[in-house]
Amino acid sequence: MMAYYVLYKNSVKNTVLYRIGVFYFLLIMDIIFLRNFRAKTRIGIYPWERKVAQTIQLDLEIALPNKRAAINDCIEDAMDYAQIAQSIHVILAEHNFSLLEALAEHIAQTIMLQYEAPWVKVSVAKLGIVRDVEKIGICIERGIREKIGCNGE
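First residue of the sequence shown: 1, per the UniProt record's numbering; consecutive thereafter.
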């Protein structure tokens with residue numbers, strides 16, 4: 001992010017546009033989210049867990065320092081939500097994880113690399129795996145979040 005800041009600073013020097021642009025770049029963060037994403041995968045440390053695919057639930061928040069789509073109302077400037085979901089399906093199909101922590105980390109790193117997201121929050125849960133518990137899981141955050149999201153966290 002700092003390299004972009006320096007290039008931007010050098011390109012427009014000390015103009016009003018520069019000052020507004022830096023403020024915009026550093027403070028504006030769109031949060032894209034996917035909630036209650038459910039998929040089947042083989043995951044677990046016990047042999048019985050790995051025999052049959054289990055349903056897991058994922059929740060993602062992805063930060064993007066970009067409001068072009070909102071300003072331009074142009075699909076080319078927006079993130080393709082279906083593509084994000086497809087990326088997760090590919091991860092679940094191609095990899096076997098023992099731990100939810102490892103799966104969450106892999107998803108977070110993939111999203112950050114593929115979509116150049118500076119921050120991501122990934123929650124992964126197994127459903128109905130423990131008696132009297134609806135779901136159990138892990139929530140991780142990776143990267144740097146520049147601005148408070150839409151839910152005030």
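Cβ atoms here follow ideal geometry from the backbone N, Cα and C, with glycine treated the same way. Since the structure is predicted, the reported quantities are computational estimates derived from the model, not experimental observations.
Since residue 55 and residue 87 should fall inside the 8 Å C-beta cutoff, what is the C-beta to C-beta distance between them, to a whole number of angstroms? About 19 Å; that fails the 8 Å criterion.
Can you tell which of 141, 37 and 85 has the C-alpha that lies nearest to the C-alpha of residue 119? 141
For residue 145, which residues of its own chain have a beta-carbon under 8 Å away from its beta-carbon, when the five flanking residues on both sides are left out? 29, 63, 118 and 119
Integer-rounded CB distance, given that residue 136 should sit under 8 Å from residue 122: Actually they do not touch by this definition, with Cβ atoms about 15 Å apart.
Select from 34, 41 and 37 the residue whose C-alpha is nearest the C-alpha of residue 94. 41
Going by other Cβ atoms of all chains shown within 10 Å of its Cβ, with 16 needed for buried, is residue 103 buried or exposed? buried
Let me know the secondary structure DSSP gives residue 123 once reduced to three states. strand
How would you write the range of the beta strand (DSSP E) that residue 92 sits in, first residue to last? Unbroken run through residue 92 is the alpha helix (DSSP H), 81 to 94; no beta strand (DSSP E).
Tell me whether the beta-carbon of residue 89 lies closer than 8 Å to the beta-carbon of residue 125. no
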